[in-house]
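For reference, the structure discussed in these notes is given below.
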Amino acid sequence: MRNIVAGNWKSNKLMGEAQEWMDGMAGWLASHEGVEVMVGAPAPYLATLASAAPDGLHILAQNVSAEGHGAHTGEFTADMLKSCGVAGAIVGHSERRARFGDTDDKVKAKVQALVDEGLQAVFCCGETLEEREAGRQEEVVHAQLKAAVLELPVDALDCVVVAYEPVWAIGTGKTATSAQAQDMHAAIRGWLTESFGAEKAEGVAILYGGSCKPSNAAELFGQADINGGLIGGAALNPTDFQGVLAGHPELKG
Ligand code: 13P
């Protein structure tokens with residue numbers, strides 16, 4: 094069983110602020126264990142942050158190319174990330190699906206590219222408000238998962254982290270109830286079990302994302318199939334992020 098709390102800074106922070114954040118996490122990381130800590134940083138800082146990261150902090154990109162090396166101006170590949178010491182990338186985030194052309198096919202290629210390099214693919218899925226109101230949330234999330242994860246070879250699963258992020262909860266202050274989140278996480282665990290068997294499926298960290306903060310983290314992370322979180326706003330300063338981490342039942346320190 095993996096337990097993970099990952100921050101996603103999105104398009105925030107300048108380089109100096111990113112370094113200050115790491116400084117603010119270093120002491121805490123040295124005195125806590127039991128939960129893997131990751132952060133998704135803007136691309137220009139990745140190599141510097143990865144080489145300076147305190148022990149116990151894994152640096153993620155927020156994107157990766159679906160293509161290999163070649164004439165693809167502006168793209169960066171999974172092996173480039175690996176060569177900089179980056180641990181993996183967040184892929185399929187709803188902000189990229191909605192606004193930057195990340196179709197299911199592209200997300201699948203990005204997951205595959207990361208897995209091929211042995212990097213972590215933090216795969217995001219989640220329904221819109223309209224889809225939830227129509228009762229289609231499981232159908233939508235299942236389709237996203239099937240497109241990019243459920244047909245991977247079984248060993249690839251060691252590189253996959255699933256983040257369930259209902260679109261209506263992202264940055265809105267509106268959190269899924271722990272029961273809504275647990276229901277979806279249990280469904281995701283079930284689909285992983287059907288494809289890969291119970292033992293492999295149990296080993297996958299399924300994270301909740303969407304207005305997760307210090308005041309609601311313990312309730313969410315206390316659910317049977319919620320193994321941690323993918324945190325936006327509350328990951329922007331170390332105090333809030335540590336407050337979220339403190340809600341994880343497996344955290345020791
Ligand atoms: P918020 O925590 O700001 O709602 O963002 C969640 C998210 O999108 C993380 O990827």
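Heads up: the sequence shown runs through residues 94 to 346, numbered per the working numbering.
From the three backbone atoms N, C-alpha and C, an ideal C-beta is built for every residue, glycine too.
Quick caveat: nothing in here was measured; it's all calculated off a predicted structure.
- Comparing the CB of Ala-262 with every heavy atom of the ligand 13P, is any distance shorter than 8 Å? yes
- Item | Inter-residue spacing [alpha-carbon to alpha-carbon] between Lys-203 and Ala-241 | 9 Å
- Message: Bridge partners for Phe-216 per DSSP, in chain order?
- Response: Val-184 and Val-255
- Message: What ranges does the beta strand (DSSP E) occupy inside the stretch 228-309, keeping only unbroken runs of at least 3 residues that lie completely in it?
- Response: 253-257 and 299-302
- Query: Whole alpha helix (DSSP H) runs in the stretch 151-212 with 4 or more residues, listed along the chain?
  - Reply: 171-176, 187-192 and 197-209
- Who are the Cβ neighbours of Gln-316 in its own chain at under 6 Å, not counting the five residues just before and after it? Ser-271 and Gln-275
- Task: Assign Phe-193 to buried or exposed, taking buried as 16 or more other Cβ atoms, counted over all protein chains shown, within 10 Å of its Cβ.
- Result: exposed
- Can you name, in chain order, every residue of its own chain whose Cβ lies under 7 Å from the Cβ of Val-233, other than the five neighbours on each side? Glu-220 and Glu-224
- Message: Using only the alpha-carbon positions, how far apart do Leu-245 and Ala-159 sit?
- Response: 16 Å
- In the structure shown, what three-state DSSP assignment does Leu-323 receive? strand
- Message: Please identify the residue among Asp-318, Gly-325, Thr-166 and Ala-311 whose C-alpha is closest to the C-alpha of Leu-338.
- Response: Ala-311
- Could you give the distance in angstroms between the alpha-carbon of Gly-185 and the alpha-carbon of Cys-218? 7 Å
- Starting from the Cα of Ser-308, find the closest Cα among Ala-206, Glu-295 and His-341 and give me that residue. His-341
- Message: With distance defined between alpha-carbon atoms, name the residue in Asn-96, Val-208 and Cys-177 nearest to Ser-144.
- Response: Cys-177
- Any non-hydrogen atom of the ligand 13P within 8 Å of Cys-217 CB: yes
- Message: Using a Cβ distance threshold of 8 Å, determine whether the stretch 164-178 contacts the stretch 114-122, with at least three qualifying pairs required.
- Response: no
- Which residues in the same chain as Gly-296 place their Cβ atom closer than 6 Å to its Cβ, once the five residues preceding and following it in sequence are excluded? none
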